[in-house]
Each structure stands twice: as structure tokens, then as C-alpha cells.
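Right, one structure below, let's go through it.
This is the structure:
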């Protein structure tokens, strides 16, 4: 029976089998496990002896060693010859993986070759074997995921790889309920938020979530397309955390450092976001953080999508319509609405200002077909305006945080939480009460 220490050692080795004994012992300390390099070696040797660890190996980029062709084979073998077929096929170096399956074709194989001619010759060779009665070959056009990592312990993880296949690495955070793909090259925006229960991306990918700007600059793309630096603060465990940062120079905002810390635990279908706004200028500045979130709950937009928002006369409920229209609500916290400061939000084209005020710190969209709901939660006294915008391709929840006056080197923090699940708006409200209500 494997205990937690054994499982942690195995998970470290699955990430990199060349990790030294000293480094493994150091990483175990992050989980409160005190173990020496000698203890680690003794445990690894024991797992080798038991056959738990078969061998230490490396994972190649097969294209860089010129094995460009991958084919998946379904092979039908006479049942009486199955044992012999397995032995013979296992000896062929072109076959990298071999499985006996419950199907009319009773063997499944993965084949790698350098060229298409080499692959054709190998398949012809197989077809001449007498006990092979049927053979189907499917050429793989793209390998999307090839990973031998097995999560022996339920925990959240952060990895960096080209998730979007656009030639640039994304930061990917995930637990067993959610996967977030975050693009450092595009303002640290979340361009994929996959709810694993349904496998759908809840985000309008072209614009994404956590689309950062400042009210003083107006809505636009230059901030959201800036490259953010990032640092993985904790890459695995019960809670993971990554920080994105950028010093922003705009027409009206000068040397404002924006830090965005995204964290996720291993259990819940939600994540937290903390913004830290710091004035690096030599003079005092007034700034208003504006965070936009562009959504497709259930993977697309339709008239089965509904907006829920708490206002003075109850819960505001609105059915999505595929047109261009926006509504901005002041929050209960905002006593006055300075027109000059906020006109960029509520006087935009197709946008109106509501007479009602938002009374609690949450807003949600619900898909009546899939029963999925996405809620954004915040502390009510941190936010001045809440906006929703409909377009034929997406709908939004946008938060304008309170204007803050920052002296040189002074900072201010703002927080929000994103919750995804199956349920209704009362689940979002309950989560808000738990996290933010006072």
C-alpha cells in the first residue's frame, strides 16, 4: 500500500525522472513532509523492487528526432493465435504501445515511423502475417495530449505549454473540476475556462475573462494585448497560485503596476482573483480598475441564456438577445455618479444607465439547456458600476472598481471570485454570502 510520501515521490518523478534525491526531499518539505535524501532513495528502491516503478525514462519530442508519422492500428487476430501474436508484435520496434481490447478487432497498436513510405511498408508487412485477419489503419494528423502523468493525489496543478496550439505557451491551471488557460501574451486573459463535468468552454475565447483596463483610458485593446510577466507562486498542492504583472503606460495612466494573482484549490469549481494596483509614478494618481469578462455559458450563446443580478426591487432577470445592447447599474455603495468619470462605461453606443442599484456583490449567467451557471462574486463596497453587454457572439459581466487616489508607491487591492457549476442563481448568492457578505 502506497502512503502519501510514496505517492508524492512518484508524482515528482512522473514530472521529471531526473529530479535528484536532494531536490525530491526539498519538494516534499513543501507538503510538510520531512525526509532526507537517504529516505527518498530507500523508498524508491522499495518501489522498484515491488514493480511499482518499472523504469526511469525520458519523454521525447518525436518530431525533433524525425519520427513524424503516428498511426493507430486495429488488428483482428485469430483467437487461438492471440498469445503468439502478442509476443511477435511486441518485438517490433515500430509498435510503441500494444493493447488487447474487447472488440471484433482484438488488438490495438500505436505505430511510429519516420516517413510515410516506412509506415506503408510496415503495414504491408503486417498484412502478410497469416494469423492477422483484418487490419485498419488511421493516420494521426495531430497529437493533442500525450502524457504519462497520473494524479495519485487529488490536487490542483499549474503547467505551462501551448494549450491553444498558437505557437505560444499558456499558463494552465486545473483541478478535477475546472481548467483555466491563461495567455500571458494577451494581458493575462483567461481564454479557456473549461467546466470538466460538461467539457465546455464557458468563455468567449477571442476576448476572454479578466480583460483588464482602466476607466481613465477607456475600453480598448492595448492593455489587454500587452505581454504580462508571470510567476508561478505554487504549482501543485491543495491550493495553487500564479501572479501576472505589468507596468502600464497609457495616455492618462502613467506607470501604474498591475498585479493579478489567480488562485485555485483542489476541490471546488471556483477560483479567486486578487488585483494589486500600485502607483510607480512620482505624482499622485487617480485610477479606476475596469475588469471585463466575456462569456459563452454552455459553450455558445442562445436565448436559453439568462442574466441574474440583485437590484433594489429584487433579482433582475433578463433573457439574452443576440443584438448589441448594454446596461450599466450603479452599485448601492456608489452614492453619486460623476458623469465625467463614468461616462465611458454607461454612455457608450447601445448602452443605457439603469435607475436601479445593485444591492449585493454578485452577478450570474445561467444556461437553461445545460443547467450550467457562472457567477462572479465581489465585495460590494469595492465596486462602483456593474455592466452587462450583449452581442450576437457573447455576453459580458464587467466590473468598475472604486476610483482610488494613490500616492507614489501606494497600493490598493481588489478581489473577485468566479464560480461555475450546475444549479441556479441561489447557489451563486449562497457562495457570495459565504465569501463576501458581512
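In the working numbering, the protein residues as written are 7 to 444. Beta carbons: idealized from backbone N, C-alpha and C, even for Gly.
query, result
"Three-state secondary structure (DSSP) of residue 22", "coil"
"Option nearest residue 26 by Cα separation, candidates 56, 62, 179 and 295", "62"
"Inter-stretch contact (C-beta, 8 Å, three-pair minimum) for the stretch 113 to 131 and the stretch 75 to 88", "yes"
"Buried/exposed call for residue 268, threshold 16 Cβ in 10 Å", "buried"
"Three-state class that DSSP yields for residue 76 in the structure shown", "strand"
"Strand pairing of residue 52, partner residues [DSSP]", "None, per the DSSP bridge assignment."
"Within 9 Å, strictly: CB atoms of residue 196 and residue 248", "no"
"Host alpha helix (DSSP H) of residue 32 (start-end)", "27 to 35"
"Close-in-space but distant-in-sequence residues of the same chain around residue 415 (CB under 8 Å, 5 per side omitted)", "284, 285 and 286"
"Own chain partners of residue 18 with C-beta closer than 7 Å, once the 5 adjacent residues on each side are dropped", "25, 30 and 33"
"Sequence-distant residues of the same chain with beta carbon closer than 6 Å to residue 169, five excluded per side", "176, 178 and 187"
"Residue 352 beta carbon less than 9 Å from that of residue 313", "no"
"Residue nearest to residue 40 in terms of C-alpha spacing, selected from 11, 47 and 56", "11"
"9 Å Cβ cutoff met for residue 44 and residue 204", "no"
"Sequence-distant residues of its chain with Cβ nearer than 8 Å to residue 354 (five each side left out)", "225 and 332"
"Nearest neighbour of residue 252, chosen from 281, 274, 244 and 271 [CA to CA]", "281"
"Limits of the unbroken alpha helix (DSSP H) element including residue 335", "First-last for residue 335: 331 to 336, but that is the beta strand (DSSP E), not the alpha helix (DSSP H)."
"Sequence-distant residues of its chain with Cβ nearer than 6 Å to residue 328 (five each side left out)", "398"
"Cβ shell of residue 407 (< 6 Å), same chain only, five flanking positions each side left out", "295, 388, 389 and 420"
"With 16 other Cβ atoms within 10 Å as the buried cut-off, status of residue 167", "exposed"
"For residue 357 and residue 315, the rounded distance between their alpha carbons", "17 Å"
"Residue burial classification, residue 76 (beta-carbon count within 10 angstroms, cutoff 16)", "buried"
"Where the alpha helix (DSSP H) through residue 122 begins and ends", "122 to 133"
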